[in-house]
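Chains as they are written, first to last, in my numbering: chain Y, 115 to 291; chain V, 14 to 367; chain R, 4 to 251.
Backbone N, C-alpha and C fix where the C-beta goes; we use that ideal spot for every residue, glycine too.
Notes to accompany the following structure.
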Amino acid sequence: MREEIIMAGFGGQGIMSMGQLLAYAGMKEGKEVSWMPSYGPEMRGGTANCTVIVSDSRIPSPLSSRPDTLIVMNLPSLNKFAPIVKKGGTIILNSSLIDSEVKRDDVEVIEIPANEIANKLGNSRIANMVVLGAYLTHHKIIDIATVKESLKSVLSERHHNLIPLNEKALDRGTEIV
Amino acid sequence: MGDKVLMKGNEAIAEAAIKAGCRYFFGYPITPQSELPAYLARKFPEVGGVFLQAESEVAAINMVYGAAGAGARVLTSSSSPGVSLKAEGISYMAGAELPAVIINIMRGGPGLGSIQPSQSDYFQATKGMAHGDFRLCVLAPSSVQEAVDLTMEAFEIADRYRNPVMIVGDGMIGQMMEPVEFKKEVDPEKLPQKEWATDGAKGREKNVITSLFLDPADLEKHNWKLKGKYDRMEENEVRYETYNLDDVDTVIVAYGTTARIAISAIELAAEEGIKVGLIRPISLYPFPYDIIKKTAADVKNFLAVEMSTGQMVEDVRLAVEGQKPVYFYGRPGGMVPSPEEIVEKVKKIGGGSR
Amino acid sequence: MKLIAGYPDSLTDKPFHYCPGCTHGIIHRLVAEVIDELEIKEETIGIAPVGCSVLAYEYFDFDMQEAAHGRAPAIATGIKRVHPDKVVFTYQGDGDLASIGTAEIVHAANRGEKITTIFVNNAIYGMTGGQMAPTSLLEQKTTTSPFGRDKNKEGYPIKMSEMLTELDGSSYIARVSVHDPKHIRQAKRAIKKAFNTQINGEGFAMVEVLSTCPTNWGLNPLAAIEWLKENMISTYPLGDLKSSGEVD
């Protein structure tokens with residue numbers, strides 16, 4: 115098994131930490147993982163994206179030129195990355211912020227109204243966890259329980275009070291797929 | 014120890030330095046290596062280390078000179094334009110035979126260039142760092158774990174030869190996160206005493222740290238002595254990895270992150286029935302000439318892949334000694350080659366499908 | 004019988020290579036005497052510069068490091084941070100300290116590095132053959148200011164000591180001269196105070212020593228002494244410019 119995922123969205127949507135959480139949980143399950151951020155001036159304000167690879171064997175390139183899965187939280191990211199998703203791959207998109215069609219018929223598209231769900235849970239910033247929960251239910255590469263266990267290690271201490279909320283968002287994500 | 018942690022390359026290198034018993038860091042801020050000094054600024058106080066942000070790259074490397082001459086394990090890190098500024102001090106350190114570890118998280122150049130990943134400092138690191146007849150041991154990790162292992166080893170190599178050792182990584186190595194394990198921990202108190210160090214001439218003759226030899230006969234002697242060390246490095250410190258070398262037509266030579274992209278390309282090529290292997294130099298100086306030369310007999314051609322317009326490829330040609338064609342594929346300026354591009358190039362040079 | 008003069012223990016017996024009438028030899032000896040009197044020879048690490056005193060490490064009989072041009076204060080910083088209990092000093096000329104090494108000395112002083120700097124100012128580049136120094140006087144003729152230093156072209160003699168007094172990190176800054184025995188005694192007092200400032204852990208200390216360069220000034224040794232007295236002191240006034248007052 116080798117799963118290559120690109121996650122992308124606005125800065126501030128928790129893209130990077132979603133990727134780190136997935137990588138950390140993968141590591142915890144004894145898998146090979148890598149997390150590669152886009153870095154540079156676009157770190158602030160613009161689009162943020164990272165590549166996570168989870169594998170049973172040594173990971174060659176930490177970049178992905180044809181990801182198995184694309185998780186996109188906003189429209190510019192969908193436009194940028196949709197064309198490179200592997201044939202037969204998956205696009206998980208945040209339908210709260212993306213109302214445009216995916217112009218490909220050779221990939222599976224899963225729409226999650228992540229912001230609406232997150233808002234109902236009381237905090238729009240956990241939209242990322244809703245999506246992650248949905249993704250891991252669809253692609254069972256890592257146990258959701260491991261992801262929950264990893265929250266403590268990945269979130270900085272000042273955010274530990276938000277762990278129960280993050281767990282709830284992950285659960286909501288699992289329910290909608 | 015023994016447990017795996019998920020770390021950014023820059024931070025992992027910093028932690029590796031601590032684990033190697035290094036307690037002194039002098040540096041100047043530059044992207045994309047900033048997490049490294051920031052990590053040490055945070056962590057050194059816990060272990061009694063000294064972190065100092067110098068007024069310039071030039072001052073930083075000379076602080077390293079002073080600390081190394083005073084007997085300490087010492088680290089500095091920078092990125093390409095900063096390393097150019099440090100070059101003067103590195104030459105003096107090689108001349109004065111001072112051990113230290115220098116990290117270069119390379120970015121695009123020349124000049125201010127870009128802050129994106131690059132391998133365009135190969136010549137600088139392995140051949141033309143600065144004035145004078147000297148060499149650095151240069152190590153190029155391709156994963157965060159290897160960055161950790163090589164950083165720890167770099168301190169040993171530096172002490173063994175009394176010579177600076179440089180770790181070159183591209184921006185990706187610095188920025189990416191991977192699981193790492195710190196396999197050992199060195200107690201700085203238990204490191205062997207450096208009898209040549211200037212730490213106060215108590216009960217012994219005075220020690221002098223210098224790279225000045227006004228008498229040409231003395232300097233010639235010193236130059237040959239240094240050359241002797243480089244010869245010993247060439248004998249003992251060559252490091253490389255091979256991948257999929259059996260029964261292939263084309264052998265890619267690539268180092269650092271590029272080598273991993275090359276492995277992705279090899280997998281892709283295999284899907285099309287094209288047989289490609291890889292030689293990954295881990296030590297750039299000393300360069301693994303022998304394995305490349307030996308491999309030349311069994312393959313059709315070589316392809317050097319670099320994030321530059323072609324630097325290491327010259328060493329590949331030297332190694333192949335004209336036995337087989339050597340081709341080049343590069344993406345300079347902070348662009349990263351894709352596996353698909355590499356496969357295209359392999360096809361073009363006729364490493365041929367069978 | 005009491006020996007009232009001798010050869011300092013902190014000097015090797017290697018003869019100085021300095022030109023006749025050059026005052027580097029006097030300044031070396033003063034530093035060595037102070038180190039002897041403070042009984043810190045075994046605790047001291049000196050840094051030699053690039054310039055005429057590049058070989059200072061052959062004359063001082065304690066641990067020494069040779070620096071790249073201008074970088075001595077950075078090297079001293081590295082040594083002192085590794086061995087905070089040792090005594091570390093730099094010995095630098097005007098080209099080294101006030102030109103190519105301006106950044107290093109300013110920031111070492113500003114950090115309050117607990118080091119001592121002996122700054123030998125003879126208003127000219129000696130080793131390279133009499134070029135204009137940043138401390139050359141207005142109208143002073145050198146090989147690179149053959150018509151005299153012109154303030155409109157080359158700017159003004161740089162007053163490093165005055166500059167460094169402005170920094171919060173500097174504790175003791177003095178300017179002295181070695182043109183006669185009285186001033187030599189004052190110079191020694193200042194050098195001792197500069198070392199004590201470091202030993203007491205106060206902060207950065209520097210003594211600027213006005214010095215002669217008969218060879219490149221084109222004067223005989225006696226005339227050079229007179230020239231220093233007549234011309235340099237008015238541009239570079241002597242005395243303690245900054246003193247925390249806690250050590251003497």
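By the Cβ-count criterion, F39/V is buried, with 16 or more other Cβ atoms from all chains shown falling within 10 Å of its own Cβ.
Nearest in C-alpha terms to I274/V, of all of A51/V, E354/V, Y78/V and M76/V, is E354/V. Residue pairing of S148/Y in beta bridges, as defined by DSSP: I167/Y. Taking C-beta separations shorter than 7 Å and ignoring five residues to either side along the sequence, the partners of S238/Y in its chain run N229 and A232, following chain order. If you check each beta-carbon in the region 136 to 153 of chain Y against every beta-carbon of chain V, the ones closer than 8 Å belong to A137, Y138, M141, E146, V147, S148, W149, M150, P151 and Y153. For I187/R, the closest C-alpha among the options H31/R, P23/R, Y10/R and K17/R is that of H31/R. A278/V and V356/V have their C-alpha atoms spaced approximately 6 Å apart.
Within 7 Å of the CB of S179/Y, the CB atoms of chain V belong to S351, P352 and E353, in sequence order along the chain. At least one CB of chain V lies nearer than 9 Å to the CB of Y60/R. If you compare the alpha carbons of T251/Y, N280/Y and A248/Y with that of E263/Y, the shortest gap goes to N280/Y. For Q68/R, the nearest CB of chain V lies under 9 Å from its own CB, placing it at the interface with that chain. Around T47/R, the same chain offers I38, F65 and V90 as residues with beta carbons nearer than 6 Å, after the five sequence neighbours per side are excluded.
Contact between F63/R and G49/R holds, since their C-beta atoms are separated by about 5 Å, short of 8 Å. For D183/R, the closest alpha carbon among the candidates P224/R, K245/R, M209/R and H72/R is that of P224/R. Following the DSSP letters along the chain, one finds R245/V inside the alpha helix (DSSP H) bounded by residues P229 to N249. Here the alpha carbon of E169/R sits roughly 10 Å from the alpha carbon of V109/R. When the Cα atoms are used, L125/V and P345/V turn out to be separated by approximately 14 Å.
Proximity of chain R to I116/V at the Cβ level (cut-off 9 Å) is not reached, the minimal Cβ distance being about 17 Å.
For the pair G236/Y and R286/Y, the CB atoms are not nearer than the 9 Å cut-off. Minimum Cα-Cα distance from P112/V among the listed residues M190/V, I222/V and S91/V corresponds to I222/V. Under the 8 Å Cβ criterion, the region 140 to 157 of chain R does not count as touching the region 201 to 217 of chain R, having fewer than three qualifying pairs. Residue burial is scored here from C-beta neighbours: E166/V has at least 16 other C-beta atoms within 10 angstroms and is therefore classed as buried. When DSSP states are grouped into helix, strand and coil, E169/V belongs to the helix group. Taking C-alpha positions only, T251/Y is separated from P130/V by approximately 35 Å. By the neighbour-count criterion, in which a residue is buried when 16 or more other Cβ atoms sit within 10 angstroms of its Cβ, G61/V is exposed. Contacts with chain Y at 9 Å (Cβ-Cβ) include K17/V.
Separation of L225/V and Y105/V (C-alpha to C-alpha, rounded to the nearest whole angstrom) is 9 Å.
Separation of S174/R and N203/R (C-alpha to C-alpha, rounded to the nearest whole angstrom) is 11 Å.
Going by beta carbons, G184/V and P45/V fall inside the 9 Å limit. Taking 9 Å as the cut-off, the Cβ atoms of R293/V and A309/V do not count as close. Taking CB atoms only, D99/R has no neighbour in chain V less than 9 Å away.
Interface with chain V (9 Å Cβ-Cβ cutoff): Q134/Y is included.
Contact with chain V is absent for I226/Y, since none of that chain's Cβ atoms lies less than 9 Å from the residue's Cβ. With fewer than 16 neighbouring CB atoms inside 10 Å of its own CB, A230/V falls in the exposed class. Exposed is the label assigned to S270/Y, since fewer than 16 other Cβ atoms lie within 10 Å of its Cβ. D243/R carries a strand assignment under DSSP once its states are collapsed to helix, strand and coil.
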